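Peer 1: Have a look at this one.
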Amino acid sequence: MKEFKGRVLAAGNWKGEAVVSRQGVNTLATFQKSALKNAKEVIVSDQNNPDIFGKNITGKALCLPITIGSTTGGLVIQTICAMKINPAAFLFSEHIDSLAASGIVLAKIWENSDVIAIDQLGDEFLKSVQTGDTVEIKEDGSVIVG
Numbered sequence: 000m001k002e003f004k005g006r007v008l009a010a011g012n013w014k015g016e017a018v019v020s021r022q023g024v025n026t027l028a029t030f031q032k033s034a035l036k037n038a039k040e041v042i043v044s045d046q047n048n049p050d051i052f053g054k055n056i057t058g059k060a061l062c063l064p065i066t067i068g069s070t071t072g073g074l075v076i077q078t079i080c081a082m083k084i085n086p087a088a089f090l091f092s093e094h095i096d097s098l099a100a101s102g103i104v105l106a107k108i109w110e111n112s113d114v115i116a117i118d119q120l121g122d123e124f125l126k127s128v129q130t131g132d133t134v135e136i137k138e139d140g141s142v143i144v145g
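Structure, rendered in structure tokens:
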């Protein structure tokens, strides 16, 4: 087991499965099809991200370096949280971008979402965690992999 410490953006305690993207996650491309279909879960629709394409990420820990893409990113995150099909946690190896941060904040305040967000977990975190690993998140920003 390895433990990492990051900066808490949206606190929570949680334990479950990781889904890992080694490249930036395009929020619109990732969530768009599931949101538009009013789906019960998110199956990643971004064909340009082979790490997560076709994977169900609802209720899982999405481990990623950053989010990328359109300025709709924050609204997309808020929307999937409102639909209750969001990942349980967004675990960023790098500093969270302002669009993802705004989506998390809006989801917490407007949607009363229990989504967790931690950033600055470091490159070693993203090298260590694998899709399917169990991760445990503590509200102090600790993330245990394994």
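Each residue of the sequence shown is one higher than the last, beginning at 0 in numbering that gives the first Met the number 0.
Backbone N, C-alpha and C fix where the C-beta goes; we use that ideal spot for every residue, glycine too.
Note that the structure is predicted; figures quoted are calculated from it, not measured.
Should the region 26-38 be called in touch with the region 115-134, which here means at least 3 C-beta pairs below 8 Å?
Peer 2: no
Peer 1: At what residues does the beta strand (DSSP E) containing residue 38 begin and finish?
Peer 2: Reading the sequence shown from its first residue, position 39 is the one you call residue 38. Segment: none, residue 38 is in no beta strand (DSSP E) and carries neither H nor E.
Peer 1: How about residue 104 and residue 26: are their beta carbons less than 8 Å apart?
Peer 2: Within the sequence shown, the letter at position 105 stands for residue 104. Within the sequence shown, the letter at position 27 stands for residue 26. Their beta carbons are not under 8 Å apart, which means residue 104 does not touch residue 26 by this criterion.
Peer 1: State the Cα-Cα distance for the pair residue 20 and residue 66, rounded to the nearest angstrom.
Peer 2: Here residue 20 is taken as the residue at index 21 of the sequence shown, counted from 1. Here residue 66 is taken as the residue at index 67 of the sequence shown, counted from 1. C-alpha separation (whole angstroms): 10 Å.
Peer 1: Would you mind working out which of 13, 80, 111 sits nearest residue 39, comparing C-alpha positions?
Peer 2: By one-based count along the sequence shown, residue 39 stands at place 40. Of the listed residues, the one whose Cα sits closest to residue 39 is 80.
Peer 1: Who are residue 17's beta bridge partners in DSSP?
Peer 2: Here residue 17 refers to the residue found at position 18 of the sequence shown. Paired residue(s): 60.
Peer 1: Based on the DSSP output, what are the partners of residue 141 in its beta bridges?
Peer 2: For the purposes of this step, residue 141 is taken as residue 142 along the sequence shown, with counting starting at 1. When DSSP reads this structure, residue 141 sits in a beta bridge with 4.
Peer 1: Measuring CB to CB, does residue 77 end up less than 8 Å from residue 53?
Peer 2: Within the sequence shown, residue 77 is the residue found at index 78, counting from 1. Within the sequence shown, residue 53 is the residue found at index 54, counting from 1. No. Outside cutoff.
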